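When you line the sequence shown up against our numbering, it's residues 28 to 372, in that order. Scroll down for the structure; my scribbles are underneath it.
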Amino acid sequence: MKALVYQGPGNKEWAEKPMPEIEKPTDVIVKITKTTICGTDLHILKGDVPEVTSGRILGHEGVGIVEEVGAAVRNYRKGDRVLISCITSCGSCANCKRQLYSHCEDGGWILGHLIDGTQAEYVRIPHGDNSLYPIPEDADEEALVMLSDILPTGFEIGVLAGAVKPGDAIAIVGAGPIGIAALLTAQFYSPGRIIMVDMDENRLGVSRQFGATDTIRVGEEDAVAKIREMTGGVGVDVAIEAVGVPATFDVCQQVVAAGGHVANVGVHGAPVELHLENLWIQNINISMGLVNTNTTPMLMKTVQSGKIDPSKLITHRFELNDILSAYEVFGNAAREKALKVIISA
Ligand SMILES: NC(=O)c1ccc[n+]([C@@H]2O[C@H](COP(=O)([O-])OP(=O)(O)OC[C@H]3O[C@@H](n4cnc5c(N)ncnc54)[C@H](O)[C@@H]3O)[C@@H](O)[C@H]2O)c1
Ligand SMILES: [Zn+2]
Ligand SMILES: [Zn+2]
Numbered sequence: 028m029k030a031l032v033y034q035g036p037g038n039k040e041w042a043e044k045p046m047p048e049i050e051k052p053t054d055v056i057v058k059i060t061k062t063t064i065c066g067t068d069l070h071i072l073k074g075d076v077p078e079v080t081s082g083r084i085l086g087h088e089g090v091g092i093v094e095e096v097g098a099a100v101r102n103y104r105k106g107d108r109v110l111i112s113c114i115t116s117c118g119s120c121a122n123c124k125r126q127l128y129s130h131c132e133d134g135g136w137i138l139g140h141l142i143d144g145t146q147a148e149y150v151r152i153p154h155g156d157n158s159l160y161p162i163p164e165d166a167d168e169e170a171l172v173m174l175s176d177i178l179p180t181g182f183e184i185g186v187l188a189g190a191v192k193p194g195d196a197i198a199i200v201g202a203g204p205i206g207i208a209a210l211l212t213a214q215f216y217s218p219g220r221i222i223m224v225d226m227d228e229n230r231l232g233v234s235r236q237f238g239a240t241d242t243i244r245v246g247e248e249d250a251v252a253k254i255r256e257m258t259g260g261v262g263v264d265v266a267i268e269a270v271g272v273p274a275t276f277d278v279c280q281q282v283v284a285a286g287g288h289v290a291n292v293g294v295h296g297a298p299v300e301l302h303l304e305n306l307w308i309q310n311i312n313i314s315m316g317l318v319n320t321n322t323t324p325m326l327m328k329t330v331q332s333g334k335i336d337p338s339k340l341i342t343h344r345f346e347l348n349d350i351l352s353a354y355e356v357f358g359n360a361a362r363e364k365a366l367k368v369i370i371s372a
């Protein structure tokens, strides 16, 4: 079969690889119908995730059709349409039992990381019964690809961890796919004001279409001063960090109101300066984490009912055998006005 293979920092190829095989009775082999590229794949390609070794097939998002099931798989049969979660989970270890799937003792984020991933014609999914979700008959498959990673991430690590409430003023720093996923799912709770912060005017425009009440363009405006001004000097109830650099974490800790939450979603590669000397007296909660995808079934219902439409995030479409072009576009997202690309087999 053909697959997108990581060949060390800066190198990738669309190469011939052996078909995955059932290795454990709980495995499911899925034929990929649609996949996408995540910002994390770009981090891997830069060499920022050294656990990923040469020869690894990338990708941790996608939907497909069950090709083969191991002897112990009970929930799926050949021909079933499935959504692949970016988090693999056994469903029975101590962490899985408290829905902390990202810390499954035999799983977590392993796809396209420690085992071969979804940017291929076929993929092996360990613990298929718990790591896959059935796709409803009439579902929009492209929209569901957004449920593998970005929607649960923005929702669980941004909105739920930040405890967004009706009427809240919230700021989301970073209007990439994750920031926009937080923007879409924050609206379940009817916040009064949603301020999006980015330097990319195109993404800020998209944010306004998706429900942002205010946008701030970094580089032209001082985000901290502007948010203070917009909130009458009080600050925001929830500040969601969706970039992963010290400067954006710093904006969040400067604009959070007393009693508020800083929900860090971004993956940081360098330490940040935490101003406990200012924050302690303000009763601030700070949260962070890796997505668990325990909200996937709930999010799937909101997509099915039309409450949210994550297909709005899709800006480009490619064929699987043209995935190198998809990387070219996604890797130059600002120039190409790209948010999420769909790659179809
Ligand atoms: N916690 C988790 O489980 C989890 C899961 C997936 C992704 N992530 C992380 O979430 C973050 C966002 O992911 P994404 O795919 O949306 O990334 P992205 O790179 O597409 O988007 C980041 C956005 O931040 C903007 N930005 C950069 N510097 C900025 C600044 N100084 N001020 C304001 N905006 C700035 C960029 O213009 C861009 O629009 C990444 O760090 C990613 O690794 C976390
Ligand atoms: Zn991802
Ligand atoms: Zn487990």
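Beta carbons are placed, not taken as given, at the ideal position from N, Cα and C, and that holds for glycine. All of these numbers come straight from a predicted model, not from anything done at the bench.
Does ligand 3 have a heavy atom nearer than 7 Å to the CB of residue i?
| i | result |
| --- | --- |
| D156 | no |
| N319 | no |
| N122 | yes |
| C399 | The structure shown does not extend to residue 399, since the chain is modelled only from 28 through 372, so no value can be given for it. |
| G206 | no |
| S217 | no |
| C279 | no |
| E116 | Correcting the residue type first, residue 116 is Ser in the shown sequence and not Glu. Indeed, a heavy atom of ligand 3 lies less than 7 Å from the Cβ. |
| S314 | no |
Does the beta-carbon distance from residue i to residue j come in below 8 Å?
| i | j | result |
| --- | --- | --- |
| C131 | T145 | no |
| A290 | N310 | no |
| K58 | E94 | yes |
| I207 | I222 | no |
| G155 | V96 | yes |
| W41 | H87 | no |
| I335 | L211 | yes |
| M226 | G203 | no |
Per DSSP, what kind of secondary structure is residue i in: helix, strand or coil?
| i | result |
| --- | --- |
| W307 | helix |
| H70 | helix |
| D264 | strand |
| V278 | helix |
| H288 | strand |
| Y128 | helix |
| M325 | helix |
| D225 | strand |
| V79 | coil |
Check whether the Cβ of residue i lies closer than 7 Å to any heavy atom of ligand 1, and answer yes or no.
| i | result |
| --- | --- |
| D225 | yes |
| V233 | no |
| V186 | no |
| V283 | no |
| G135 | no |
| A360 | yes |
Cβ of residue i less than 8 Å from any chain C Cβ?
| i | result |
| --- | --- |
| N310 | Among the chains in the structure shown there is no chain C, since it carries only a single protein chain. |
Taking 7 Å as the line, does the beta carbon of residue i fall inside it for any heavy atom of ligand 5?
| i | result |
| --- | --- |
| I221 | Ligand 5 is absent from the structure shown, which contains only ligand 1, ligand 2 and ligand 3. |
Take every Cβ of the stretch 223-242, pair it with every Cβ of the stretch 159-168, and state whether three or more of those distances are shorter than 8 Å. no
Whether or not the stretch 118-133 and the stretch 90-105 are in contact is what I'm after, with contact meaning three or more pairs of Cβ atoms, one per stretch, closer than 8 Å; do they touch? no
When a residue counts only if its C-beta is closer than 6 Å to some heavy atom of ligand 2, which residues count, in chain order? C65, T67, H87, C113, D176
I want to know whether the stretch 144-158 touches the stretch 49-64 - three or more CB-CB distances under 8 Å. yes
Between the stretch 272-282 and the stretch 194-201, do three or more beta carbon pairs fall short of 8 Å? yes
I'd like to know if the stretch 335-353 and the stretch 314-324 are in contact, where contact means that at least 3 CB-CB pairs between them fall below 8 Å. The stretch 335-353 vs the stretch 314-324: no contact.
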